[in-house]
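Engineer: Just so you know, we're using numbering that gives the first Met the number 0 here: the sequence shown kicks off at 0 and counts up by one.
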Amino acid sequence: MNIALWIVAGLLAAAFLASGAVKLVQSREKLVASGMGVVEDLDAGTLKVVGALEVLAAAGLILPAAFDIAPVLVPLAAVGVVLLMVGAVVMHLRRDEARVIAMPLILLVLGAVVAWGRFGPESFTG
0 MNIALWIVAG LLAAAFLASG AVKLVQSREK LVASGMGVVE DLDAGTLKVV GALEVLAAAG
60 LILPAAFDIA PVLVPLAAVG VVLLMVGAVV MHLRRDEARV IAMPLILLVL GAVVAWGRFG
120 PESFTG
């Protein structure tokens, strides 16, 4: 189970690092033009905050456990992933984009699995 949690956390970290980096590096207008319509509802500052939170979540899913420095941050980062994805699902539903909520829901479930596993049976602390 520990290996499975590492794999899921690694996949989540890769997805959130890529997504967050794009939001931090590219302008809001470029993201809208590329088809990321949900960012139309966010101003440029909020979009950068979301990108930064995604990058921090990616780091929090891997680095604390990998370096054995405050590994309790891993399940907390996973809870952060869940909260980010709840926000993404809500935004997509508000925009009548129910057809695109599959990926945020999958990421939400994977984040919940990591949080459960790292708070519970495969905790780093115990």
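No residue lacks a Cβ here, since even glycine has one placed at the ideal position from N, Cα and C.
Owing to the predicted nature of the structure, the values given are computational and were not obtained by experimental measurement.
Are A20 and L60 close, meaning C-beta to C-beta below 8 Å?
Structural biologist: no
Engineer: With I100 and V88 assumed to form a contact (beta carbons below 8 Å), what rounded beta-carbon distance in angstroms separates them?
Structural biologist: Between V88 and I100 the Cβ distance is about 5 Å, and since that is below 8 Å, they are a contact.
Engineer: Using a threshold of 7 Å, is the CB atom of N1 nearer than that to any non-hydrogen atom of the ligand MG?
Structural biologist: The ligand MG is absent from the structure shown, which contains no ligands of any kind.
Engineer: M35 by DSSP, collapsed to three states: which one?
Structural biologist: In this structure, DSSP gives M35 a state outside helix and strand, which the three-state scheme calls coil.
Engineer: Could you pull the start and end residues of the alpha helix (DSSP H) that F123 belongs to?
Structural biologist: Counting along the chain, F123 falls outside any alpha helix (DSSP H), and DSSP gives it neither H nor E.
Engineer: Start and end of the alpha helix (DSSP H) containing R93?
Structural biologist: 72-93
Engineer: Have a look at V73 and L92 and give me their C-alpha separation to the nearest angstrom.
Structural biologist: 29 Å
Engineer: Return the CA-CA distance between P63 and A43, expressed in angstroms with no decimal places.
Structural biologist: Taking the Cα positions, P63 is about 30 Å away from A43.
Engineer: Please list, in chain order, all residues of the same chain as L106 whose beta carbon is under 7 Å from its beta carbon, the five residues on each side excluded.
Structural biologist: Exclusion of the five residues before and after L106 leaves L11, A14, V80, M84 as the residues of its chain whose Cβ lies within less than 7 Å of its Cβ.
Engineer: I need the boundaries of the alpha helix (DSSP H) containing L16, first residue and last residue.
Structural biologist: 1-24
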